[in-house]
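Participant:
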Amino acid sequence: MKTGIYPGCSLNGSARDYNESVFALAEAFSLKLEQVSDWNCCGATAAHNLNKDLSLALPSRILSLAEQNGIDEIVVPCAACYNRLTVTQTELRKDPELKNRITGIIEMDYKGTSRIINVIEWIDKYITPNLEGRIVKPFSHKVACYYGCLLVRPYKVLNYDRPEDPQSMDLAMSKAGAEPIYYPFKTECCGAGLSISRTDIVSKLSGKIIEDAESRDAEAIIVACPMCHSNLDMRRNDINKYWGKEFTIPVLFVTQVIGLAIGLPAKKVGLNRHFVDVKVN
Amino acid sequence: MFHTETLMEKNSLAIHLEKHVDVIARKCYQCGKCSAGCPVAEEMDLPPSIIMRLLQTETQANDDKILRSYSIWLCLTCEMCLCRCPMEIDIPSAMDFLRQMSLSEKKVNPKAKRIIAFHRSFLNSIKYTGRLFELGLTLDYKRRSLTLMQDIALAPRMISRGKLHFIPEIIKGRPQVAKIFKKTSKKEN
Amino acid sequence: MARIGVFICHCGENISATVDCVKVAETIGKLKHVALSVDYKYMCSDPGQTIIKDAIKEHKLTGVVVSACSPRMHEPTFRRACAEAGLNPFMCEMANLREHCSWVHEKNDLTTAKAIDIVRTQVEKVKLNHELQPIKVPVTKTALVIGGGIAGIQAALDIANTGHKVVMVERSPSIGGHMSQLSETFPTLDCSQCILTPRMVEVAQHPNITLYTYAEIESVEGFIGNFKVKVRKKAKSLDEKICTGCGLCTTKCPQKKIPNEFEQGMGMRPAIYIPFPQAVPNKPVIDREHCTYYIKGKCKVCEIVCPIKAIRFDQPDEILDLDIGAIVIATGFDIKHADFFPEYGYGKYKDVIDGLQFERLASASGPTAGAILRPSDGQVPKNIVFVACAGSRDPAKGIEYCSKICCMYTAKHAMLYKHKVHEGKAHIFYMDIRAAGKNYEEFVRRAIEEDHVDYIRGRISTIYEKNGKLIVKGADTLLGAQPVEIEADMVVLATAGVASSGAEELAQKLHVSYDSHKFFAEAHPKLKPVETNTAGIFLAGACQNPKDIPDSVSQASGAAVKVAALFSQDELTREPLVAFVNRMAPPLYTTCVGCFLCQSVCPYQAIEREEFKTRDGKLIKAVAKINEGLCQGCGTCVALCRSKSIDLHGYSNHQVYAEVMALLNEY
């Protein structure tokens, strides 16, 4: 079983901290993660909003490259990329005519055989089973596990966890010593791609997510999506201004939490790159 | 205006949706659960359940209303509506289709200018390098939307945290990606 | 010498529109052995039947072929007419020119040719018919009513009052069903128990009714008029005959924290318990799954305190063998509970309850003595949201149908709440209001106009908890799908009505059809609502489909009359179109070799073993014998028999062969 990774543009760019923490964990647990060679952007929200064929062709190229690399299982830490790749694979499997058209566009062979997994699945499979003896600094804090939209929906396509009140991240965090709280906003949208074009909407929606977490005495919000992290963390000033409040709760990636729990230094997992100070230890 | 006027017959949006995206507008019985759970319903001129009803009337005027709405561009494709719809109507896929139709028929709501500008800037960035160049995206967006001062305050902190690259990464398969864009642009529908 | 009379029906225009009936009659009239061949517009009408009867007498017909609609429509009609004219009814056959010909083809020569062929096959067949005599089976005039809810009670009383015996079997310790759990009933707001308990007592005291509670159906065999039912009386662990129902044991039982089924989990009960104060019979049972004695072998407090030593810990279950003539299924329904809804919390919010739980709160004999209080903290809710269509009309959740009663009981709940908490606010999120019964619409208007219940049209997307309140996110679709958010103290879900647990297993035991939702299937959706496709088994109440009390009671009385009609005869007549294994003189007795393959395939368990013995008891051969009472004439054994020893009356091998040859040969 060859495990590869598709980091996606965010992990390469503004979500560098996420990328660092993923590779730090891989290193700590001696896991190989081969990058899909010469990968391209999956198209994210922009492609499927404007052009259906483009939104299917770009991910198909990535999947095709993975097959060429002999990668059986692709870890996709970015929830949006995970969603796009899985949707593409499913659409092409359901409709052979569509598959032919898209493969004609990308001019590559495509079998659709790779297994696409998200970061929590990767953690559950390779890290959690070996976590027991390795916790040196249990992350004993109350955490609000924020899944966002694209990790669990649409359920019929992703078939992952459950769309209402999912628990996979909560379980993973409790294994790292954290105390996940009851958190009804765990799958409410943060405002997604409107970060720049309608910052007010992001401020409103992300603010609701943060307000609920803080009101339930959570000490950190845990995420598995770089877009959500960006909206909840980088946009904090805008959110505070919109709400007329000072929200201080930090936002961490799942991989960062586990990294901290096994004793990795904060810098190694990219905590220094956050906008909102992470004072938890 | 009564909706018995100008029935669209074979050309209604509802029929297109059924043919291309397997969305059957007739199934909707207007329960409103989608609008109730939609995070941006309050901002929308036409909440999703109203769009479904407008589709059901299959008239030129209402189809037009939908394509010219702001709602379709506000939709975040968060998939909450489909998750809870009792009839399992794939509203997010319908929204994608309506957006693409709105563009091809040049009926885009003027308020959506910035949102579309962002999407176009994003795609433009990938077209030339194969991967998103965030700085390039931002500059292109500012050019399109004339929001020159927006988010300027963020820049220094992004730079100091190593989150803003100044040089784009260009993949080897750049010509391939450019070709994909070319081949799909004719079909932009 | 056969003299066959053929009667071609136009069936108004149903047949004559595509088939040339006159030509058919003419052509058939020329066949050998056909004494007369006529056509008429409506053969089943009075003048039509007279034509047949007169023809039989005048032409001394030995057989009749009525070429008309499907025999499933009018075979009994024409057979009766023949019998009245003195011809054995089984010498009358029908040729289906409607469902098999005119209704499925266009008007042309080929259609008429096909019609002629169909008639010819029946003419050839009827020449080989025998004058069969109907089979008589005795009828046991005792009815079995399964289920002791309002439908079962009504059916039992109605049947008992016609003078026949009834056995009622109810699986819980008391009869009464869901109606006994309700506080008040719509549209009159009658106290439910007040109108029900007199009936319950009547059932217990009726000389013609034998009541078994805490009992279930173990197996059912036999056929209409002659069922053999095994009933398992679960051990109540006490001697019912001497127990006085004083209830002392229930007060002394140390196990007090078992969720009370009658209170829908809102209250507790001990391990030895009477389900509710007005229970019939008013005697306790021991819940062996939770009783300390059965789990750990200790305690026995009830035995110690019982003044007349009625406790019997070692009491076994008892199996009763009953002879029953007719069965009425009245097993009722269940509702989905809050844990069925992921978007409403998977059942984890204490203050999100279902309709039956609200009934218990509102009920004077309930866990809060009729006060509407929040289960979480016992406070009076000032703001309640009622959610209609919770699960019903929801294909995504697998329940496409409407549960019929929820619109009404939700209005009732809101009214009861407003009557008890005057300053409280009641909101109902609905999709449509289905208030079709008598005085139902007026009842709902009363809720809106007099009791100020706030109706909002829209389904709610989700419920979550914040600061001890329940946040309800909905939309007002009549205001352009405007989002509506309410901070409620309590939410009541009007959940979907579903088949009672164990319905599928019971249906299989009784060989009764049921649908994909496990509701029992009626024989015809319009015209036979209380009968099933299994002769002698009837339906009453919500086990067929969710319905309200007036409909359940009506249906129960309907089922009772069917039973009474059945019992009004001492003997049942069965059609003699059954299979038979040949018999002949000794030493052969029969060509059957005794392989009994037929017995293993018969779907009705109708094949028995007959032994031929010598005078001194030595076995000569054991062969198959068909039980005429059970056989349904399906023909499976006939097809299977390797020695061709079985044939079918009315559809013999020879007759079928003749039909085939008629089609193949020129005429």
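Protein chains in written order, with this note's numbering: chain A, 1 to 281; chain B, 1 to 189; chain C, 1 to 667.
Ideal Cβ positions, reconstructed from N, Cα and C, are used throughout, including at glycine.
Since we're looking at a predicted model, the values are computed, not measured.
1. Under a three-way DSSP split, which group does TYR146(A) fall into?
2. Does the Cβ of ALA573(C) have 16 or more other Cβ atoms within 10 Å, making it buried, or fewer, making it exposed?
3. Confirm, please, whether the CB-CB distance from ALA25(C) to VAL38(C) is below 8 angstroms.
4. Between GLY70(A), TYR182(A), PRO59(A) and LEU92(A), which lies nearest to VAL76(A) when the distance is taken from Cα to Cα?
5. Compare the beta carbon distance of LEU74(B) and VAL108(B) with 8 angstroms and say whether it is the shorter of the two.
6. Can you have a look at ILE210(A) and say buried or exposed, based on whether 16 or more other CB atoms are within 10 angstroms of its CB?
7. Just mark THR50(C) as buried or exposed, buried being the case when its beta carbon has 16 or more other beta carbons within 10 Å.
8. Just how far apart, CA to CA, sit CYS592(C) and GLN599(C)?
9. Compute the Euclidean distance between the alpha carbons of THR410(C) and ARG273(A), then round it to the nearest angstrom.
10. Write down every uninterrupted run of the alpha helix (DSSP H) in the stretch 244 to 316 of chain C whose length is 4 residues or greater and which is fully enclosed by it, in chain order.
11. In or out: MET1(A) buried (at least 16 other Cβ within 10 Å) or exposed?
12. Check whether the Cβ of MET431(C) lies closer than 8 angstroms to any Cβ atom in chain B.
13. Determine, using beta carbons only, whether TYR346(C) comes closer than 8 angstroms to chain A.
14. Check the C-beta distance from THR250(C) over to ILE286(C) and give it rounded, since I have them as a contact under 8 angstroms.
15. Please classify GLU531(C): does DSSP put it in a helix, a strand, or coil?
16. For the stretch 460 to 483 of chain C, which residues have a CB atom closer than 7 angstroms to at least one CB atom of chain B, in sequence order?
17. Less than 8 angstroms between the beta carbons of GLN190(B) and ALA25(B), yes or no?
18. List the residues of chain A whose Cβ lies closer than 8 angstroms to the Cβ of THR57(B), in chain order.
19. Determine the extent of the alpha helix (DSSP H) in which ALA411(C) is found, giving its start and end residues.
20. Between VAL40(B) and chain A, is there a C-beta pair that is closer than 8 angstroms?
21. List the residues of chain B that PRO546(C) touches, going by C-beta distances under 7 angstroms, in chain order.
22. What is the C-beta distance between ARG235(A) and SER215(A), in whole angstroms, given that I count them as a contact (C-beta under 8 angstroms)?
23. Applying a beta-carbon distance threshold of less than 8 angstroms, which residues of chain B neighbour ALA496(C)?
24. Would DSSP call LYS155(A) helix, strand or coil?
25. Measure the C-alpha to C-alpha separation of ILE448(C) and ILE72(B) and round it to an integer number of angstroms.
26. Using a 10 Å radius around the Cβ and a threshold of 16 neighbouring Cβ atoms, would you call PHE166(B) buried or exposed?
27. Touch check for the stretch 350 to 360 of chain C and the stretch 478 to 498 of chain C: three-plus C-beta pairs under 8 angstroms?
28. Go ahead and label GLY48(C) buried or exposed: buried means 16 or more other beta carbons lie within 10 angstroms of its beta carbon, across all protein chains shown.
29. Enumerate in chain order the residues of its own chain whose CB-to-CB distance from ILE52(C) is below 8 angstroms, with the five nearest sequence positions on each side excluded.
30. Using only alpha-carbon positions, find the residue among GLY650(C), ILE549(C), GLU93(C) and PRO270(C) that is nearest to GLY332(C).
31. Could you give the distance in angstroms between the alpha-carbon of ARG131(B) and the alpha-carbon of LEU123(B)?
32. With a threshold of 8 angstroms between beta-carbons, can GLU105(B) be considered close to chain A, or not?
33. Using DSSP with H/G/I as helix, E/B as strand and the rest coil, what is GLN482(C)?
34. With a cut-off of 8 angstroms on the beta carbons, I'd call GLU91(A) and LEU56(A) a contact; round off their distance for me.
35. Nearest CA to the CA of PRO275(C): which residue from GLY541(C), TYR430(C) and ARG171(C)?
36. Spatial neighbours of LYS234(C) within its chain, please: C-beta separation below 6 angstroms, excluding the five flanking residues on both sides.
Facilitator: For this structure:
1. Taking the first residue of the first sequence as position 1, residue 146(A) is located at position 146. Correct three-state label for TYR146(A): coil.
2. Translated into positions along the third sequence, residue 573(C) becomes position 573. Reading off the sequence, residue 573(C) comes out as Thr, not Ala. With fewer than 16 other Cβ atoms within 10 Å, it is exposed.
3. Numbered from 1 along the third sequence, position 38 holds the residue referred to as residue 38(C). Numbered from 1 along the third sequence, position 25 holds the residue referred to as residue 25(C). A distance below 8 angstroms separates the beta carbons of VAL38(C) and ALA25(C).
4. As a working mapping, residue 76(A) is identified with position 76 in the first sequence. Among GLY70(A), TYR182(A), PRO59(A) and LEU92(A), the Cα nearest to that of VAL76(A) belongs to PRO59(A).
5. For this step, residue 74(B) is matched to residue 74 along the second sequence. For this step, residue 108(B) is matched to residue 108 along the second sequence. VAL108(B) sits away from LEU74(B), with the two beta carbons spaced by 8 angstroms or more.
6. Numbered from its first residue, the first sequence carries residue 210(A) at position 210. Sixteen is the threshold: when 16 or more other Cβ atoms of the shown chains lie within 10 Å of the Cβ of ILE210(A), as they do, the residue is buried.
7. For this step, residue 50(C) is matched to residue 50 along the third sequence. Looking at its Cβ environment, which holds fewer than 16 other Cβ atoms inside 10 Å, THR50(C) is exposed.
8. As a working note, residue 592(C) is residue 592 in the third sequence. As a working note, residue 599(C) is residue 599 in the third sequence. So the alpha carbons of these two residues sit roughly 12 angstroms apart.
9. If you number the third sequence from 1, residue 410(C) lands on position 410. If you number the first sequence from 1, residue 273(A) lands on position 273. As the crow flies, the alpha-carbon of THR410(C) is around 55 angstroms from that of ARG273(A).
10. Listed in chain order, the complete alpha helix (DSSP H) runs (minimum 4 residues) inside the stretch 244 to 316 of chain C are 248 to 252, 292 to 296 and 301 to 305.
11. Your numbering for residue 1(A) matches position 1 in the first sequence. Looking at its Cβ environment, which holds fewer than 16 other Cβ atoms inside 10 Å, MET1(A) is exposed.
12. As a first step, residue 431(C) is located in the third sequence; it is residue number 431 there, counting from the start. Chain B contact via Cβ: present.
13. The sequence position of residue 346(C) within the third sequence is 346, counting from 1. True, the Cβ-Cβ gap to chain A drops below 8 angstroms.
14. Here residue 250(C) is taken as the residue at index 250 of the third sequence, counted from 1. Here residue 286(C) is taken as the residue at index 286 of the third sequence, counted from 1. 10 angstroms between Cβ atoms; not a contact.
15. Your numbering for residue 531(C) matches position 531 in the third sequence. Strand, per DSSP.
16. Listed by position along the chain: ILE460, SER461, THR462, LYS473, GLY474, ALA475, THR477, GLY480, ALA481 and PRO483.
17. In the structure as shown, chain B starts at 1 and stops at 189, and residue 190(B) therefore has no counterpart that could be examined.
18. Translated into the one-based positions of the second sequence, residue 57(B) becomes position 57. Close partners of THR57(B) in chain A (Cβ separation under 8 angstroms) are lacking, with about 25 angstroms as the shortest Cβ gap.
19. The residue labelled residue 411(C) in the question sits at position 411 within the third sequence. Per DSSP, ALA411(C) belongs to the alpha helix (DSSP H) from 406 to 420.
20. In the second sequence, counting from the first residue as 1, residue 40(B) sits at position 40. Cβ-Cβ to chain A under 8 angstroms: yes for VAL40(B).
21. Taking the third sequence and counting its residues from 1, the one referred to as residue 546(C) is at position 546. Going along chain B, no residue has its Cβ under 7 angstroms from PRO546(C), so there is no contact; the nearest lies around 18 angstroms.
22. Within the first sequence, residue 235(A) is the residue found at index 235, counting from 1. Within the first sequence, residue 215(A) is the residue found at index 215, counting from 1. That pair is no contact at about 19 angstroms.
23. Translated into positions along the third sequence, residue 496(C) becomes position 496. Taking a Cβ-Cβ threshold of 8 angstroms, none of the residues of chain B is close to ALA496(C); the smallest such distance is about 12 angstroms.
24. Position 155 of the first sequence holds residue 155(A). The question names Lys, but residue 155(A) is Tyr in the sequence shown. In the structure shown, TYR155(A) sits in a helix (DSSP, three-state: H, G or I).
25. Here residue 448(C) corresponds to residue number 448 of the third sequence, with the count starting at 1. Here residue 72(B) corresponds to residue number 72 of the second sequence, with the count starting at 1. As the crow flies, the alpha-carbon of ILE448(C) is around 37 angstroms from that of ILE72(B).
26. Stepping through the second sequence from its first residue, residue 166(B) is reached at position 166. Burial is judged here by how many other beta carbons sit within 10 angstroms of a residue's own beta carbon; PHE166(B) has fewer than 16 and is exposed.
27. Between the stretch 350 to 360 of chain C and the stretch 478 to 498 of chain C there are three or more C-beta pairs closer than 8 angstroms, enough to call the two in contact.
28. Within the third sequence, residue 48(C) is the residue found at index 48, counting from 1. That one is buried.
29. For the purposes of this step, residue 52(C) is identified with residue 52 of the third sequence, where counting begins at 1. Only GLY5, PHE7, MET43, VAL64, VAL66, PHE78, ALA81, CYS82 and ALA85 meet the Cβ criterion.
30. Counted from its first residue, the third sequence places residue 332(C) at position 332. Of the listed residues, the one whose Cα sits closest to GLY332(C) is ILE549(C).
31. Numbered from its first residue, the second sequence carries residue 131(B) at position 131. Numbered from its first residue, the second sequence carries residue 123(B) at position 123. ARG131(B) and LEU123(B) have their C-alpha atoms spaced approximately 9 angstroms apart.
32. Taking the second sequence and counting its residues from 1, one reaches residue 105(B) at position 105. No, its Cβ sits nowhere closer than 8 angstroms to a Cβ of chain A.
33. In the third sequence, residue 482(C) corresponds to position 482, counting from 1. The answer is strand: DSSP assigns GLN482(C) an E or B state.
34. In the first sequence, the residue the question calls residue 91(A) occupies position 91. In the first sequence, the residue the question calls residue 56(A) occupies position 56. Going by Cβ atoms, the distance from GLU91(A) to LEU56(A) rounds to 6 angstroms, so yes, they are a contact pair.
35. Taking the third sequence and counting its residues from 1, the one referred to as residue 275(C) is at position 275. Of the listed residues, the one whose Cα sits closest to PRO275(C) is ARG171(C).
36. For this step, residue 234(C) is matched to residue 234 along the third sequence. Result list for LYS234(C): TYR214 and ASP317, in chain order.
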